[in-house]
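Structure record follows, encoded as structure tokens.
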Amino acid sequence: MPNEDISKLGPALREEINDLFRSVRLPAVARVLWERLSESEIASLQGDLTTYCNQFEGAIGMWTHLKHVPRLQAVVEVAHETDLITSAKFNSLLRKLPGHIAVQQVQARPEWDASAGELWYGGQVVRRVRCMKLPTKIRQLLDVFQAAEWPRSVAARTSWDQQSAHQTVNSLNNGLLKIRFRVRDGGQTFAWQAKK
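The sequence shown maps to residues 1 to 196 in this note's numbering.
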């Protein structure tokens, strides 16, 4: 259970937070979070994944260090960042936490309308992609995200070489509004995030 006094929380919320706490403390969650951090965030941690898992409660320790938020809030934010809870659940839980540090409400996930060739985010079209007889790699990538309901990262359906993966993502990011894509694992994993 988080160190902060959670006695002020109602029983249902307290149980929900405790369940999330048990989940986000797992080393596998710390690894997922670590892989989603930027190079500058990893550098600011001044330690490695093993150190954080063994000494600082893994993902919770990383998040409190990076974001300077209370531990209860870190539990909820890590659960969302690692796709353990939906954006709607995240926003709902965060509003209920006493003394949370205000954060911007999470935007809805992107939506790819393949038939129209439109990528939507935050209520607007952020990228248009031409409809071709054979789907381009950009369309293939967006299809994978849409089929998976937009988790923070997805594995490629087929093996992509690293150069092709980077070219596809660079092309997709060109002129893209509000979000951006990244390549991981030598072109085998792709991730998206909102622009700051």
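We put the CB at the ideal spot given by N, CA and C, even for glycine. Predicted model, so just to flag it, every value in this text is computed and none were measured.
Any chain B beta carbon closer than 7 Å to D83: Checking the listed chains, one finds no chain B in this structure; it contains a single protein chain.
Compare the C-alpha of V76 against each of D19, W34, L119 and K137 and name the closest. Looking up residue 76 in the sequence shown gives position 76. Measuring from the Cα of V76, the nearest candidate turns out to be D19.
Exposed unless 16 or more other CB atoms sit within 10 angstroms - verdict on G187: Within the sequence shown, numbered from 1, the residue matching residue 187 stands at position 187. Classification for G187: buried.
Taking buried to mean at least 16 other C-beta atoms within 10 Å of its own C-beta, is A28 buried or exposed? Within the sequence shown, the letter at position 28 stands for residue 28. When all chains shown are included, A28 counts as exposed.
Around the C-beta of A224, are 16 or more other C-beta atoms found within 10 angstroms, so that it is buried, or is it exposed? As shown, the chain starts at 1 and ends at 196. That puts residue 224 outside it, with no answer to give.
A147 in three-state terms, based on DSSP: Along the sequence shown, one-based indexing puts residue 147 at 147. A147: helix per DSSP, three-state reduction.
Where L9 falls: helix, strand or coil (DSSP): To locate residue 9, count along the sequence shown from 1; it is residue 9. Coil at L9, not helix or strand.
On a Cα-Cα basis, can you pick out the residue from S23, E118, H68 and E111 that is closest to W192? The residue labelled residue 192 in the question sits at position 192 within the sequence shown. Among S23, E118, H68 and E111, the Cα nearest to that of W192 is on E111.
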